[in-house]
Amino acid sequence: MGKLERIEKHWTLIFSWVRAHKFLTVLGIALAWIVLEILTLPFGDVRRLKTANPSETAFMREHEEQAIAEGKHFRKIQRWIAFSAIPKDAINAVIISEDGTFWAHSGFDWFEFRESIERNLKEGRAARGASTITQQLVKNLYLSSSKNPLRKLKEWVLTWYIERTLSKQRILELYLNVIEWGWGIYGIEAASQQYFGKSATSLSREESARLAAVIPNPRRYRVDKETRYLERRTQLILNRMAAQGL
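In terms of my numbering, the sequence shown has 519 at position 101, counting the first letter as 1, and numbering is strictly consecutive.
What follows is the structure, encoded as C-alpha cells:
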C-alpha cells in the first residue's frame, strides 16, 4: 500500500468515526474551542496592571463604536487619580453600594449570587445582579456588555486570576478610575470635576454617596439630575455607612 493510499484510508476511518459519533465530535470541538478561548485571555495584560494603568478599556471602545454607529460624537473624559488621594468616604460609599464584602471575598460573593438567582427566578426577570467589584472591573477592562455563556466563563476565569495577581487596593484603584459615570465620563476624578467642579480629593460625604448611587446605570440616573431614585439611593448608602461606623 502506497503512502497516498494509507493517508486516504486514515482519513476514511476518521470520517467514519465522526459520522458514527456526531455528538461526541461536536462536544469535542466545543470543548477545544472553549479551552482555546481561555488560553488566549489577556493574562499578560493583567500582570502588567500591577504597575501600569490602562489607557482605555473594552467598554470605552464599545461605547465609542456605539456612538459612531448612531452618528453621535464621542468624547472620552478620564483623569487618573491615585488610590491614596481618593477620600475614604468615596471609597466606602462605592463599596457599600456595589460590593459590601469586597475586602473579604476572593472575587466572588456566593451569598449574593445565590440570592440573585432566587430573586430572578421568582420574578422571572433579571431583577438583581450579583457581580462583585472585581467582576465589574474585568468586564470593563477586557470583555463586553453581552451576556452570553462564554463571556461569563471568561469573566469568571479572569476574576479568579486578577484576585490572585493584584492587591485589593490596586483592584479598587483601577475600578474607580475606569468605570463609567456618564456619557464619555470615566473614573471618579473626571466625574467629580464634571458634576461638582472640583477634584475627587475634595469630595464630601454626600457627594461621594451620590456618585456611588448612579454606578449601576450612570446614563439613566445622572448625578446632576435630582430624582427620587437618586435621593433615595444616596440616603440608603449614607445610612449603611453610618450603621457600619464608616
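Using N, Cα and C, we set each Cβ at its ideal position, and we do this for glycine too.
> Quick one: Cα of A627 to Cα of R651, how far?
Replying inline: The residue given as residue 627 occupies position 209 in the sequence shown. The residue given as residue 651 occupies position 233 in the sequence shown. Answer to the nearest angstrom: the Cα atoms are 8 Å apart.
> Nearest CA to the CA of V575: which residue from P460, R640, H523?
Replying inline: Indexing the sequence shown from 1 puts residue 575 at position 157. Closest by alpha carbon: P460.
> Is the Cβ-Cβ distance between Q496 and Y604 less than 7 Å?
Replying inline: As a position in the sequence shown, residue 496 is number 78, starting the count at 1. As a position in the sequence shown, residue 604 is number 186, starting the count at 1. Cβ distance < 7 Å, so Q496 and Y604 count as in contact.
> Taking the runs of the alpha helix (DSSP H) that are 4 residues or longer, which of them lie wholly in the region 463-530?
Replying inline: 476-487, 506-516
>> Taking the beta carbon of A545 as the centre, do at least 16 other beta carbons fall within 10 Å, making it buried, or is it exposed?
In response: Taking the first residue of the sequence shown as 1, we reach residue 545 at position 127. Confidence at A545 is low in this model, with a pLDDT of 44, below 50, so the placement of that residue should be treated as unreliable; the coordinate-derived value is given next. So A545 counts as exposed.
>> Per DSSP, what are the beta-bridge partners of I603 in this structure?
In response: By 1-based counting over the sequence shown, the position of residue 603 is 185. According to DSSP, which records beta bridges pairwise, I603 is partnered with I495.
>> Using C-beta distances below 7 Å, list every residue in its chain close to T475, excluding the 5 sequence neighbours before and after it, in chain order.
In response: For the purposes of this step, residue 475 is identified with residue 57 of the sequence shown, where counting begins at 1. N558, L559, V596, listed in sequence order.
> Any idea what DSSP makes of E581, helix, strand or coil?
Replying inline: Taking the sequence shown and counting its residues from 1, the one referred to as residue 581 is at position 163. If DSSP states are grouped into helix, strand and coil, E581 belongs with the helices.
> How many Å lie between Y579 and F614 at the Cα?
Replying inline: Mapped onto the sequence shown, residue 579 falls at position 161. Mapped onto the sequence shown, residue 614 falls at position 196. So the two alpha carbons sit approximately 36 Å from each other.
> Could you give the distance in angstroms between the alpha-carbon of Y639 and the alpha-carbon of V632?
Replying inline: The residue labelled residue 639 in the question sits at position 221 within the sequence shown. The residue labelled residue 632 in the question sits at position 214 within the sequence shown. Each residue's Cα considered, the two are about 6 Å apart.
> Do you know how far the Cα of Q587 is from the Cα of D517?
Replying inline: Your numbering for residue 517 matches position 99 in the sequence shown. Your numbering for residue 587 matches position 169 in the sequence shown. Their backbone Cα atoms lie some 14 Å apart in a straight line.
> How would you call Q653, buried or exposed, if buried means at least 16 neighbouring beta carbons within 10 angstroms?
Replying inline: Locating residue 653 in the sequence shown gives position 235, where the first residue counts as 1. With fewer than 16 other Cβ atoms within 10 Å, it is exposed.
> For E644, which residues of its own chain have a beta-carbon under 8 Å away from its beta-carbon, when the five flanking residues on both sides are left out?
Replying inline: For the purposes of this step, residue 644 is taken as residue 226 along the sequence shown, with counting starting at 1. So no residue of the chain qualifies.
>> Can you tell me whether E675 is helix, strand or coil according to DSSP?
In response: Nothing about residue 675 can be reported from this structure: the residues present for the chain run from 419 to 664 only.
> Just curious, the alpha helix (DSSP H) that Q554 is in, first and last residue?
Replying inline: In the sequence shown, the residue the question calls residue 554 occupies position 136. First-last of the alpha helix (DSSP H) with Q554: 551-560.
> Taking Cβ positions, are P636 and G600 nearer each other than 7 Å?
Replying inline: Residue numbering aside, residue 636 sits at position 218 when the sequence shown is read from its first letter. Residue numbering aside, residue 600 sits at position 182 when the sequence shown is read from its first letter. Yes, Cβ-Cβ distance for P636 and G600 is below 7 Å.
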